[in-house]
Amino acid sequence: MMLLPSVSRDLQIAIVKAYPKNIKSCDDWLSFLNHMERKVRSLDRGSTTTNILLNLYESAIDSLDVNWSDEMYLTIFIRRAVLASYENSDCGPVLLSLCSINGRRNPQLIAAVAYYYFKQGDKNRAKGLLNSTKKCVDTCGVELLCRAESMLDTDDDFKSLLGPFYYKPDFDFQDINCSQASSSGVSSVLDSTCPNDHTEERYQSVTDINFEPNGNSPNIPSNCNPVESIQIIGPVRV
314 MMLLPSVSRD
324 LQIAIVKAYP
334 KNIKSCDDWL
344 SFLNHMERKV
354 RSLDRGSTTT
364 NILLNLYESA
374 IDSLDVNWSD
384 EMYLTIFIRR
394 AVLASYENSD
404 CGPVLLSLCS
414 INGRRNPQLI
424 AAVAYYYFKQ
434 GDKNRAKGLL
444 NSTKKCVDTC
454 GVELLCRAES
464 MLDTDDDFKS
474 LLGPFYYKPD
484 FDFQDINCSQ
494 ASSSGVSSVL
504 DSTCPNDHTE
514 ERYQSVTDIN
524 FEPNGNSPNI
534 PSNCNPVESI
544 QIIGPVRV
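Each position in the sequence shown, counted from 1, maps to that position plus 313 in our numbering.
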């Protein structure tokens, strides 16, 4: 496990001591992360808290096998995306979009991604994601998405609706400026993609998709490092 920059030696020792031996499963990682959430937040270190937690969640994702059908893996991934949104306003929405396309048939996850778009000030994008996903889920899923859409207008508490995907970081979402990342580009393209059982599909990992640079190329920041070898579950038309 990597030691964290700009963190006191005592805290690093505490993290290492809490780190389980031979940690491999999503269950073990989530238990450890929940413990560290309480530990790190109790120190009240402001923005440093977010950076510490982001490093821990990135360590978890780097060590786990990609599994978009595992609720605990999704929980870890979406928390990482939320934390990354604060550290890098371009990178976070890209990670949220990876959640939305790989979990397209999971309406609760989609509602969570829409909620975080909304909290970051992009209500139109949140509604667009909810509407585009309705054709990908069953009747119960559509009902959940419709409920989420109506809650965007009333600013209701999403905690009970989102279940394990609800995450409240230490920072205010208003501190995030995601206008550049949400205007167009890779993350918006991913948001509009939906699996279609009746059309030819080609599956391709995100790391294999190449964009030829031109005047319309999306601007992906150099310090944005999405998970290596993420498999998109759904069609990518090439």
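Beta carbons are placed, not taken as given, at the ideal position from N, Cα and C, and that holds for glycine.
None of these values were measured; they are calculated from a predicted model.
Item: Opening and closing residue of the alpha helix (DSSP H) in which R418 lies; Value: Run containing R418: none; DSSP gives neither H nor E here.
Item: Backbone CA spacing between D466 and C412 [nearest angstrom]; Value: 23 angstroms
Item: Length at least 4, wholly inside the segment 427-462: the alpha helix (DSSP H) runs in chain order; Value: 436-446
Item: The alpha helix (DSSP H) enclosing Y399, as first and last residue numbers; Value: 384-400
Item: Buried or exposed (CB count within 10 angstroms, at least 16 for buried), D403; Value: buried
Item: W342 - containing alpha helix (DSSP H), residue span; Value: 339-354
Item: Buried/exposed call for S382, threshold 16 Cβ in 10 Å; Value: exposed
Item: Test item: CB-CB of R393 and L408 under 8 angstroms; Value: yes
Item: Separation of V379 from Y516, as counted between CA atoms; Value: Low confidence applies here, because Y516 scores a pLDDT of 34, under 50, leaving its location unreliable; read the following figure in that light. Near 15 angstroms, if we compare the C-alpha coordinates of V379 and Y516.
Item: Burial state of I389, where buried means 16 or more other Cβ atoms lie within 10 Å; Value: buried
Item: Closest residue to S473 among A461, F484, P482 (Cα-Cα distance); Value: A461
Item: Reference K330; option with closest CA among K337, D340, M349, E456; Value: M349
Item: Among K432, S463, Q433, V353, the one whose alpha carbon lies nearest that of N444; Value: S463
Item: Reduced DSSP category for L377 - H, G, I as helix; E, B as strand; rest coil; Value: coil
Item: Closest by C-alpha distance to D451, when choosing among I414, V395, P420; Value: P420
Item: Coil, strand or helix - N532 by DSSP; Value: Note that N532 scores a pLDDT of 45, beneath 50, so its modelled location is shaky; the value from the coordinates is reported in the next line. Correct three-state label for N532: coil.
Item: Three-state class that DSSP yields for Y480 in the structure shown; Value: coil
Item: Min CB distance S382 to chain B below 8 angstroms; Value: No chain B is part of this structure, which consists of one protein chain only.
Item: Same chain only: Cβ atoms within 8 angstroms of Y553, ignoring 5 sequence neighbours per side; Value: No answer is possible for residue 553: the residues shown for the chain start at 314 and end at 551.
Item: Cβ distance (whole Å) where L396 is taken to contact P477 below 8 angstroms; Value: In fact, because the Cβ distance is near 16 angstroms, the residues do not count as touching under 8 angstroms.
Item: Proximal residues to V455 (C-beta, below 7 angstroms), its chain only, five neighbours per side dropped; Value: K447
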